[in-house]
Amino acid sequence: MSSGPHTETAEAAATATAGGAVGGRRASLWGDAWLELRRRPVFWLAAVMLAFMVLLACVPSLFTSLGPNRGCVLAHSKDGTGPGHPFGFDTQGCDLWSQVIHGARPTILIGLAVTVGSLVISIIFGTLAGYYGGLLDALIARVTDIFFGLPFVLGATVILVAFPDHGVGAMCLVLVVLGWTTMTRIMRSQVISVKTMDYVRAARALGAGDLRIMFRHILPNAIAPVFVVSMLNVGQVIAYEATLDYLGVGLQYPTVSWGLQLNVAQDYFTDFPHLLVFPAVFLSVTVLSFIMLGDVLRDALDPRLR
Amino acid sequence: MTETDVRTGDDLPGADPEAPLLEVRDLHVEFRSRTSPPVHAVNGLSYSVGRGETLAILGESGSGKSVSAQAVLGLLATPPARITGGEIRYRGLDLLGRKDRWLRKIRGRRVAMIFQDALTALNPVVGVADQIAEMYRVHERTGRREARARAIELMERVRIPAAARRADDYPHQFSGGMRQRVMIAMALALRPDVLIADEPTTALDVTVQAQIMKLLAESQAELDTALILITHDLGVVADVADRIVVMYAGSVMEQAPVIDLYARPAHPYTEGLLAAVPRVDRTTTGRLTPITGAPPNLAAIPSGCPFHPRCPRARDRCATERPELRAVGNGRLSACHYAEEVLAGEEAAGD
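Listed in order, the protein sequences are those of chains U and S. Just so we're on the same page, the working numbering is the position in the first sequence counted from 1, plus 147. Just so we're on the same page, the working numbering is the position in the second sequence counted from 1, plus 260.
Here you go:
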């Protein structure tokens, strides 16, 4: 062949320049995603807001000296903003600022726990169904259909009313049971489309086993959309939790949560809007932050989009 | 898995050191679906390769060449594919009907494969060195660091410039030629006995094609690997192949040493192929002659000789009687009733 060393060097030089422009050491998919995220203002905005909310949830004592439902003076019921009480008082005459702070913990706990739970279930079921297909796929699809068919609010109401003494744990369980189906379906269809890719066939041709193909080759390429949906899901779960509280079947007094506060506020908010506004703002900011985080994560997790 | 010498094959009980490295005998593959008649993709393919030998499998698209390659490694999805007959033997060991677990000892370690388009055949979210290193980690249980070091070494061997610096780059950050080098590095990582290259240069431009073929030929010589080169491009095989198998409609039309085949085809199909490409070793006056007609529908392969509807030498007998693949001298095989006529270079009778 007379193509010769000339073209080879040319190509080498071109490659070297291209490589030089990229430069730097990169560790892994997640390491690279981090490098990408660092450059995004939206990420920092979401991260700072979430860090604040998580801090509220973890160490509320940093922000208020009062415990939940402590220091309430009924005489102050529904009073507006005053000195030392930036958010005013709730219907029980408790300081609303400290009540809102204490409301962060169950809300965020439920949001994260339910999402992680549904994500784990959907990854396992979706991957198995998509990868193996056949009978297993049909079985998982039918089970998914059954749960998918349950109307959310009604289903949750029925279950929660049946077990009146439920706490945060039971709430999480109910929300996971009713919430894993969409992600499982997305995961399954992603796995099916990735499964037929050449690199999966190539990995098999070069001797990779089922587990390695699933976890190394299919999962990283299939997970991004599910991951984004799960981030959006955190917000949704928090909203659902608030809905159930609002309907009176979710968490109950003496638990303090944003949903419960909104539930109480519903009767008075035309006359005392601060009862609704302050917990609602905290809830919205948290939900929005998770949604924004999901969005930037999707972009960062796909090296082809960089 | 202990580190065993691949050459002695002592962790493959039953392997016959005397048998050909890879032998395919009378392979039949068909694809079935509920709604349409079965598609006969491969109909009686036979070949064998030995150490250091290069066999080219030549055929147009739909001739069953890629399907047969995937059948060797058990990569066909069953269903819809079904291997309806024949044998595939690696050193005498039958590969058909084996469990996936057993085949994994063969795949990558003894018989490796290179795919056409390295961009789609490399995992887009894993750095290239990690992908190469995976070969050592899967098959030899090598530690992360060592596997990576060996991967970078291998990248240098296939002449990827600035290998160490580019180790963590992703496939899409490489040029097509460089990506194919990565793919070759992966396939050669464990010094396989047999390398199947399925259209390795089709996705590349011509100058890069030549470099990749050169790299393949050099690597083959260095490792004494048997190379099966699957291609539709007569030009690609001329320099590197020892023998050529010409496939048409899933069957072998002709098999011959490469020089003999180019000098004098023994089948009208090969004759047609050669007449359809420009050649520098022969000053022909006039135009290139295309083969008339279109490749057959594999769900309804013509009776008799599958090539007869397009064959300028076809006679009545060709439509009814399927020609056997038979020896026509000089170690050549041809599946034509009139192979001697073709070999002698007589003009087409044309009736």
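The beta-carbon is built from N, C-alpha and C at its ideal position, and this holds for glycine as well.
Chain U contact for residue i (CB, 7 Å cutoff)
i: alanine 381(S); result: yes
i: phenylalanine 567(S); result: no
i: valine 496(S); result: no
i: valine 385(S); result: yes
i: methionine 513(S); result: no
i: leucine 455(S); result: no
i: leucine 335(S); result: yes
Chain-ordered neighbours of residue i on chain U, where CB pairs are closer than 7 Å
i: methionine 507(S); result: Neighbours of methionine 507(S) on chain U: none; closest Cβ ~20 Å, over 7 Å.
i: valine 398(S); result: Gly354, Ala355 and Arg359
i: arginine 369(S); result: Gly354
i: arginine 364(S); result: Gly354 and Gly356
Where residue i meets chain U, residues with beta-carbon distance less than 9 Å
i: methionine 415(S); result: Within 9 Å Cβ-Cβ: nothing; methionine 415(S) doesn't reach chain U, min ~12 Å.
i: phenylalanine 291(S); result: Residues of chain U passing the Cβ test: none, with the nearest at roughly 15 Å.
i: alanine 372(S); result: Ala352, Leu353 and Gly354
Beta-carbon proximity list for residue i, same chain, < 6 Å, skipping 5 on both sides
i: valine 468(S); result: Gly437
i: serine 323(S); result: Met507 and Tyr508
i: alanine 378(S); result: Arg439, Gln440 and Met443
i: asparagine 368(U); result: Val341
i: histidine 223(U); result: Phe236 and Gly240
i: aspartate 576(S); result: none
i: glycine 352(S); result: Asp276 and Ala279
i: leucine 521(S); result: Ile504
i: isoleucine 268(U); result: Trp327
i: leucine 487(S); result: Thr314, Leu455 and Gln480
i: phenylalanine 567(S); result: Tyr508 and Tyr529
i: lysine 365(S); result: none
i: methionine 378(U); result: Phe437, Leu440 and Gly441
Contact check, residue i vs residue j, beta carbons under 7 Å
i: proline 460(S); j: proline 431(S); result: no
i: alanine 349(U); j: isoleucine 360(U); result: no
i: leucine 287(S); j: glycine 334(S); result: no
i: glycine 302(U); j: leucine 320(U); result: no
i: aspartate 453(S); j: arginine 370(S); result: yes
i: glutamate 278(S); j: threonine 344(S); result: no
i: proline 569(S); j: proline 562(S); result: yes
i: glycine 277(U); j: arginine 187(U); result: no
i: valine 247(U); j: phenylalanine 425(U); result: yes
i: isoleucine 255(U); j: glutamate 388(U); result: no
i: isoleucine 348(S); j: leucine 356(S); result: yes
i: valine 323(U); j: valine 261(U); result: yes
i: phenylalanine 437(U); j: glycine 395(U); result: no
i: arginine 252(U); j: alanine 317(U); result: no
i: methionine 446(S); j: methionine 395(S); result: yes
i: valine 332(S); j: leucine 305(S); result: no
i: valine 512(S); j: leucine 450(S); result: no
i: glycine 354(U); j: valine 398(S); result: yes
i: alanine 457(U); j: leucine 448(U); result: This structure does not reach residue 457(U), given that chain U is present from 148 up to 453, and the question cannot be answered.
i: serine 435(S); j: glutamate 514(S); result: no
i: leucine 476(S); j: valine 537(S); result: no
Short CB-CB distance (under 7 Å) between residue i and chain S
i: alanine 447(U); result: no
Close Cβ partners of residue i (< 7 Å) along its chain, the five nearest in sequence each way excluded
i: aspartate 242(U); result: Leu213, Gly218, His232 and Phe236
i: tyrosine 346(U); result: His364
i: alanine 423(S); result: Ile412, Met415 and Glu416
i: alanine 381(S); result: Phe375 and Met443
i: alanine 579(S); result: Ser563, Gly564 and His568
Same chain, Cβ closer than 8 Å to residue i, neighbours up to 5 away in sequence not counted
i: valine 497(S); result: Ala316, Leu318, Leu489, Thr491, Ile504 and Val518
i: arginine 524(S); result: Leu603 and Gly605
i: arginine 408(S); result: Ala389, Asp390, Ala393 and Ala427
i: proline 559(S); result: Looking at the sequence provided, one finds alanine at residue 559(S) rather than proline. Same-chain partners within the cutoff: Ser296, Pro297, Pro298, Val299 and His300.
i: phenylalanine 310(U); result: Ala317
Partner residues on chain U for residue i, Cβ-Cβ distance less than 8 Å
i: aspartate 377(S); result: Asp345
i: alanine 447(S); result: Leu353
- Task: Using a Cβ-Cβ cut-off of less than 8 Å, give me the residues of the segment 343-376 of chain U that come near chain S, in sequence order.
- Result: Met344, Asp345, Tyr346, Arg348, Ala349, Ala350, Arg351, Ala352, Leu353, Gly354, Ala355, Gly356, Asp357, Arg359, Arg363, His364, Pro367 and Asn368
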